[in-house]
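For the sequence shown, the positions run 44 to 255 when the working numbering is used.
Think of the CB as a built atom: it goes at the ideal place given N, C-alpha and C, for glycine as much as any other residue.
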Amino acid sequence: MDSEITFLENQIASIDAYMRDRQADGNFDGESAMFLVVYRNLEERLYGLRLQAAEEKDAEEKMQYRPQTQVLFETTTDKLRAFLSAGSAVFTLESKKTDRHFTYRINSKPNNRGEGYIYFCSVMTGGADKYSYMAVYDPENLSLVFTQKSNFSVKNESVRALLYFFDGLKAGKIPDDLNVYHAGRCGKCGKELTDPESIKLGVGPICRNGGT
Ligand SMILES: [Zn+2]
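See below:
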C-alpha cells in the first residue's frame, strides 16, 4: 500500500505542476477542467488509502497485548508442531530485535467433509481473550489459507511474523531472533500447566498421551 500511496502522490504532484503552468499561461479550458476532475479523483483515492493505512497501523498496535502468563518453549520443532495442532493452542511470537509481539490461537474443529480436523488461526486484538480470525491453518504444510471471512493478508505484520515462524519450523528450527511463548496452559485442553516437563512442552501429561 505504501508504494501505491507514493505513486498517487507523484501523479498528483505532476498534474498539479502541469495545471499551474497552464494557469500561468492564462489557459483554462476544457482540458484543464478534465485534469481537475482527474486530480480530485486521485486526491480522494489518496485520502482513502491514507486512512486505511492509518487504521491498519492502529490495528497492529492494538495487537501489542499479551497474555499474563508467558512461558518460553523448551522443546523440539516436531513437538512445537504437535502443539500447534493440539486443538487449543495459544502462543506468542516476540521479535528479539524490535520487542514487537503477537499472540495467536489455533483452534481445531472436526472437519464436516470427512475425517480429520480443520484449524482456525486467530490473532489477539485489543486485550486478553479477544481474538480476530486470521486464516485456516494447514498443519501439513505449515502454512495459512486465507478465506473470504479473513480481513488479514501478508500485508499484516502479524501474518508475516507467523509465516516467518512457520518457515523456521519447516527448516527444523525456531528462528534465532524470535522468542516463542505459550500462555502456561495446555495446548489441547487449556488447563493450567503445573509440572515442569509440561511447562517446557506446552501440553499436559494426559493430553500428551492422547487423552482428552
Ligand atoms: Zn491438557
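Residue range of the unbroken beta strand (DSSP E) whose run includes residue i
{"i": "V133", "result": "131-138"}
{"i": "N150", "result": "144-153"}
{"i": "V179", "result": "174-181"}
{"i": "L187", "result": "186-188"}
{"i": "I242", "result": "Note, I242: premise wrong, no beta strand (DSSP E); alpha helix (DSSP H) at 239-244."}
Buried versus exposed, by CB contacts within 10 Å (16 or more), residue i
{"i": "G245", "result": "buried"}
{"i": "V197", "result": "exposed"}
{"i": "S201", "result": "buried"}
{"i": "A67", "result": "exposed"}
{"i": "F126", "result": "buried"}
{"i": "N155", "result": "exposed"}
{"i": "F134", "result": "buried"}
{"i": "R228", "result": "buried"}
{"i": "N84", "result": "exposed"}
{"i": "N199", "result": "buried"}
{"i": "K231", "result": "buried"}
{"i": "T237", "result": "exposed"}
{"i": "T146", "result": "buried"}
Distance CB(residue i)-CB(residue j) smaller than 8 Å
{"i": "S128", "j": "P182", "result": "yes"}
{"i": "N184", "j": "F163", "result": "no"}
{"i": "I58", "j": "F71", "result": "no"}
{"i": "G159", "j": "K105", "result": "no"}
{"i": "Q108", "j": "M62", "result": "Note on identity: in this sequence residue 108 is Tyr, with Gln being the wrong assignment. Contact: no."}
{"i": "S186", "j": "Y176", "result": "no"}
{"i": "I55", "j": "Y90", "result": "no"}
{"i": "P110", "j": "A204", "result": "no"}
{"i": "V114", "j": "I242", "result": "yes"}
{"i": "K234", "j": "G247", "result": "yes"}
{"i": "D262", "j": "K100", "result": "The displayed coordinates of the chain run from 44 to 255. Any statement about residue 262 would go beyond what the structure contains."}
Cut-off 6 Å between Cβ atoms - residues of its own chain near residue i, not counting five sequence neighbours on either side
{"i": "E137", "result": "H144, N222"}
{"i": "A96", "result": "M44"}
{"i": "Y174", "result": "R148, S165, M167"}
{"i": "R65", "result": "S75"}
Close-in-space but distant-in-sequence residues of the same chain around residue i (CB under 7 Å, 5 per side omitted)
{"i": "V188", "result": "A178, V179, D181"}
{"i": "R88", "result": "L51"}
{"i": "N53", "result": "none"}
{"i": "K192", "result": "Y176"}
Start-to-end residues for the alpha helix (DSSP H) that takes in residue i
{"i": "N222", "result": "Element bounds for N222: not the alpha helix (DSSP H) but the beta strand (DSSP E), 221-225."}
{"i": "M77", "result": "73-105"}
{"i": "Y61", "result": "45-67"}
{"i": "S201", "result": "200-213"}
{"i": "C250", "result": "248-251"}
Same chain only: Cβ atoms within 8 Å of residue i, ignoring 5 sequence neighbours per side
{"i": "L92", "result": "M44, E47, I48, L51"}
{"i": "F208", "result": "L136, I217, P218, L221, V223"}
{"i": "T112", "result": "A226, G227, R228"}
{"i": "E103", "result": "N199, E200, S201"}
Test: residue i CB closer than 8 Å to a CB of chain B
{"i": "I161", "result": "Judged by its chain identifiers, the structure shown contains no chain B, having just a single protein chain."}
task = Indicate whether the contact test is met: 3 or more Cβ pairs, each with one atom in the region 200-216 and one in the region 118-138, closer than 8 Å.
result = yes
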